[in-house]
Amino acid sequence: MTIDGDTHYSDQYDITFRTYVPSKVISCEATNRATGQTASKRKIVQVAEGPSNVTLKAPKMLLNGVESTFECFTTCRPSCNYIWKDSNQQWTSNSSVFTYKTPPYINQVTLSCIAQNSLSQLYAVASATVQVAQGPEGVVIQGPSSVRVGDSETYYCLYTGQPCSPSCVYTWHYRGKVYTGDAVTVPILQQGKAASANKLVIHVDQFHKTEQLECTAMNTLSGETKNVTKILQVTDPIAVRPLTPTPPILGSSYALECVGATQSSHIQWTKDGKPLSMSDRVHLSDNDDTLSFDSLRQSDAGVYDCTATEQGKVIPGVSYELKVLYGPLNPKITVWYQSGNRPAGPTTLLLPGSPATFSCSAQCSPACGYVWFLNDNIVSKNATFTISSPSTTDEGVLTCVPYTIWNHTAIATNIELIGGPKDVTISGPKSVQVGQKSTFQCSAVCTPPCVYSWQAYGITLHGSKVELTISHYVATETLTCIAQNSITGKIVAANTTIDVTGNIFVYESM
1 MTIDGDTHYS DQYDITFRTY VPSKVISCEA TNRATGQTAS KRKIVQVAEG
51 PSNVTLKAPK MLLNGVESTF ECFTTCRPSC NYIWKDSNQQ WTSNSSVFTY
101 KTPPYINQVT LSCIAQNSLS QLYAVASATV QVAQGPEGVV IQGPSSVRVG
151 DSETYYCLYT GQPCSPSCVY TWHYRGKVYT GDAVTVPILQ QGKAASANKL
201 VIHVDQFHKT EQLECTAMNT LSGETKNVTK ILQVTDPIAV RPLTPTPPIL
251 GSSYALECVG ATQSSHIQWT KDGKPLSMSD RVHLSDNDDT LSFDSLRQSD
301 AGVYDCTATE QGKVIPGVSY ELKVLYGPLN PKITVWYQSG NRPAGPTTLL
351 LPGSPATFSC SAQCSPACGY VWFLNDNIVS KNATFTISSP STTDEGVLTC
401 VPYTIWNHTA IATNIELIGG PKDVTISGPK SVQVGQKSTF QCSAVCTPPC
451 VYSWQAYGIT LHGSKVELTI SHYVATETLT CIAQNSITGK IVAANTTIDV
501 TGNIFVYESM
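Residues in the sequence shown are numbered from 1 upward in steps of one, following the UniProt record's numbering.
See the structure below:
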């Protein structure tokens, strides 16, 4: 017998393949020793390998009614056929990849891959057990819908639909905080069996008309979550209410009452979360249920609470925010120019054509309203009033009136346009005698009032009025007055000629 050139003289040849080859050709030649005749035969032998090292790749979890992919890995030559099998049925496939649809209402699946060599019919098996994630479905919160401040209530988060598999974890959200609750078993009477749930006990310590309680159930395998919310209606038997029917105006008397507490209750008052201090002006009634103010101050404003203790049970009350009404106080007008701003005085000077905005402010509670009057005509009902291009029509008394529903005040400034100098004139004698003191006055139309200087005989004098004493004879002298606007710098001059007799001028300014 011959294989791969290796001849073996025997009618039997044991062959072991060290490596895989698809096929081998074996030749057999028989010789009659007596006659010398020979005969030969060739045969092609197919070689099979495996299946070996069979493994099954499975998903981490399954979902009821959802298709998932499994893949079988093995060493198999020339090829393998695959049989897939769960606890109820099997499927034959040429593919190592199998799509499996998880049946409903089961918690886990064991799937087997049977790899069978198509040539040798030898086979090997690999199996995988995968958990089926179920739920949460039909999550509900059971517990009272109405709660009272000071009470504790118990709530259960559970599912009424398909059970959560393998398990669910629960979290609660209440008033901005997260709670884990406690795992418990509760009877579901309509089904007559116990179910797992999560219990949370809440203590209602503050009043809000409604509170939101939320439970989240999350499957520990799939991560799927379901949220459910319950709106709680909150009631409070204790509350702070105003006892005085009139508004709480600064300086007036006022009273608050703690309503709902029994006569045997111990009442405590707080302001802005701190114990309330009493004084000759602020005091409590004999049973502490009434808080009185003899004369309200701005500092009395705040949030007032009363807490009643009944038979060892502390019941917080509904708070009341006291807003002391006052104003308008300290009114002021501020003028805003292109170059900046400054407080308005009795008189406000504006440059013609240059815009200005007037802002009015006052201390008020609640906020003031504002009305502007220019020469008794309403020009604005806002806190500001703007003159875009000041002209003579804008001159006059500008008044701001801050007001509330019970009081008002006023503050005013006189608007004048910056102008001049014009109409500069010099008054005084036209003729003077030597040795005689004479007074000369310079005036002009100017806003604001001009600054004056004089020129006489090469000497500069300052002021609107000067006195001259002639001690030396001259025939005439020219006297010049210069008027200058202190804001714009504009200058206008006027001259006068006086007849004099004498030798020397002596100049004095007043």
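Glycine residues also receive a C-beta, built at the ideal position from the N, C-alpha and C atoms.
Going by beta carbon distance, what residues of the same chain come within less than 7 Å of Val45, once the five residues before and after it are set aside? Position 45 of the sequence shown, counted from the start, is the residue given in the question as residue 45. These residues qualify, in order along the chain: Ser23, Lys24, Ile26.
Counting only the same chain and skipping the five closest in sequence on each side, list residues whose C-beta sits under 6 Å from that of Asn287. Counting from one through the sequence shown, the residue named residue 287 turns up at place 287. Excluding positions up to five away in sequence, the list is empty.
Check whether the stretch 142-150 touches the stretch 224-236, counting contact only when three or more Cβ pairs, one atom from each stretch, lie closer than 8 Å. yes
How many angstroms separate the CA atom of Gly135 from the CA atom of Ala115? Taking the sequence shown and counting its residues from 1, the one referred to as residue 135 is at position 135. Taking the sequence shown and counting its residues from 1, the one referred to as residue 115 is at position 115. Approximately 35 Å between the Cα atoms of the pair.
Tell me whether Gly251 is buried or exposed, calling it buried when 16 or more other Cβ atoms sit within 10 Å of its Cβ. Residue mapping note: residue 251 aligns to position 251 of the sequence shown, counting from 1. Around the C-beta of Gly251, fewer than 16 other C-beta atoms lie within 10 Å, and the residue is accordingly described as exposed.
DSSP three-state label for Ser339, please. Counted from its first residue, the sequence shown places residue 339 at position 339. Of the three classes helix, strand and coil, the one that applies to Ser339 here is coil, per DSSP.
What number of angstroms, rounded off, separates the C-alpha of Thr334 from the C-alpha of Gly273? By one-based count along the sequence shown, residue 334 stands at place 334. By one-based count along the sequence shown, residue 273 stands at place 273. Inter-residue distance for Thr334 and Gly273 is about 39 Å (C-alpha atoms, whole angstroms).
Who are the Cβ neighbours of Cys75 in its own chain at under 8 Å, not counting the five residues just before and after it? As a first step, residue 75 is located in the sequence shown; it is residue number 75 there, counting from the start. A small correction: the amino acid at residue 75 is Thr; Cys does not occupy that position in the sequence shown. Excluding positions up to five away in sequence, the list reads Glu49, Gly50, Pro51, Ser52, Asn53.
Give the range of the beta strand (DSSP E) segment to which Ser146 is assigned. Here residue 146 refers to the residue found at position 146 when the sequence shown is read from its first residue. Unbroken beta strand (DSSP E) run through Ser146: 146-148.
N- and C-terminal bounds of the beta strand (DSSP E) containing Leu221: Here residue 221 corresponds to residue number 221 of the sequence shown, with the count starting at 1. That residue, Leu221, is in no beta strand (DSSP E); it is neither H nor E in DSSP.
What number of angstroms, rounded off, separates the C-alpha of Val474 from the C-alpha of Thr501? Translated into positions along the sequence shown, residue 474 becomes position 474. Translated into positions along the sequence shown, residue 501 becomes position 501. Val474 and Thr501: Cα-Cα distance of roughly 6 Å.
In the structure shown, what three-state DSSP assignment does Phe386 receive? Here residue 386 corresponds to residue number 386 of the sequence shown, with the count starting at 1. Strictly speaking, residue 386 in this sequence is Thr, with Phe absent from that position. If DSSP states are grouped into helix, strand and coil, Thr386 belongs with the strands.
How about Glu477 and Lys437: are their beta carbons less than 8 Å apart? By 1-based counting over the sequence shown, the position of residue 477 is 477. By 1-based counting over the sequence shown, the position of residue 437 is 437. Cβ distance not < 8 Å, so Glu477 and Lys437 don't count as in contact.
Can you list, in chain order, the residues of its chain whose CB lies under 6 Å from that of Arg241, leaving out five sequence neighbours each side? As a first step, residue 241 is located in the sequence shown; it is residue number 241 there, counting from the start. Hits under 6 Å: Glu257, Val259.
Report back the beta-carbon spacing between Thr384 and Pro328 to the nearest angstrom; my notes put them in contact at under 8 Å. Residue 384 sits at position 384 when you count from the first residue of the sequence shown. Residue 328 sits at position 328 when you count from the first residue of the sequence shown. Incorrect: roughly 16 Å between the Cβ atoms, too far for contact.
Using a 10 Å radius around the Cβ and a threshold of 16 neighbouring Cβ atoms, would you call Ser486 buried or exposed? To locate residue 486, count along the sequence shown from 1; it is residue 486. Flag for Ser486 reads exposed.
How is Gln37 classed by DSSP in three states: helix, strand or coil? For the purposes of this step, residue 37 is taken as the residue at position 37 of the sequence shown. Coil.
Nearest to Thr405 by CA position, among Asp86, Gly353, Tyr370, is which residue? Mapped onto the sequence shown, residue 405 falls at position 405. The sequence given here places Ile at residue 405; Thr does not occur at that position. Ile405 has its Cα closest to that of Tyr370, out of Asp86, Gly353, Tyr370.
Opening and closing residue of the beta strand (DSSP E) in which Ala410 lies: For this step, residue 410 is matched to residue 410 along the sequence shown. Careful: Ala410 lies outside any beta strand (DSSP E) and carries neither H nor E.
Assigned secondary structure, Pro394 (DSSP; H/G/I helix, E/B strand, else coil): For the purposes of this step, residue 394 is taken as residue 394 along the sequence shown, with counting starting at 1. Looking at the sequence itself, residue 394 is Asp, so the reference to Pro does not match. Helix, per DSSP.
Can you tell me whether Leu189 is helix, strand or coil according to DSSP? Within the sequence shown, numbered from 1, the residue matching residue 189 stands at position 189. With a pLDDT of only 42 at Leu189, under the threshold of 50, the placement of this residue in the model should not be trusted; the figure read from the coordinates follows. In this structure, Leu189 counts as coil in the three-state DSSP scheme.
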